[in-house]
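Novice:
In our numbering, the protein residues as written are 392 to 450.
(1) Run through the DSSP bridge pairs and tell me what residue 427 is partnered with.
(2) Just to confirm, are residue 435 and residue 403 a CB contact at a threshold of 8 Å?
(3) Cα separation between residue 417 and residue 405?
(4) Taking the alpha-carbon positions, what's the residue 421 to residue 410 distance?
(5) Report the rounded CA-to-CA distance for residue 408 versus residue 430, giving the unit in angstroms.
Structure (structure tokens):
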């Protein structure tokens, strides 16, 4: 997933499968470069996530 610098403060919503991170210790988990290869993107922004969630709830 591409690193994004958003001026509006709305960033992508991502997920990590914890089994993919088991080989990293606590210090390694604090380093962004170690996590980036394991990012699973869910939504391009929190606004998009809420739009999808609330649209589905209304129906």
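Even glycine gets a Cβ: it sits at the ideal position worked out from N, Cα and C.
Predicted, not measured: the structure shown is a model, and the values here were computed from it.
Specialist: Once the coordinates are examined:
(1) According to DSSP, which records beta bridges pairwise, residue 427 is partnered with nothing at all.
(2) yes
(3) 20 Å
(4) Distance between the alpha carbons of residue 421 and residue 410 is about 17 Å.
(5) 8 Å
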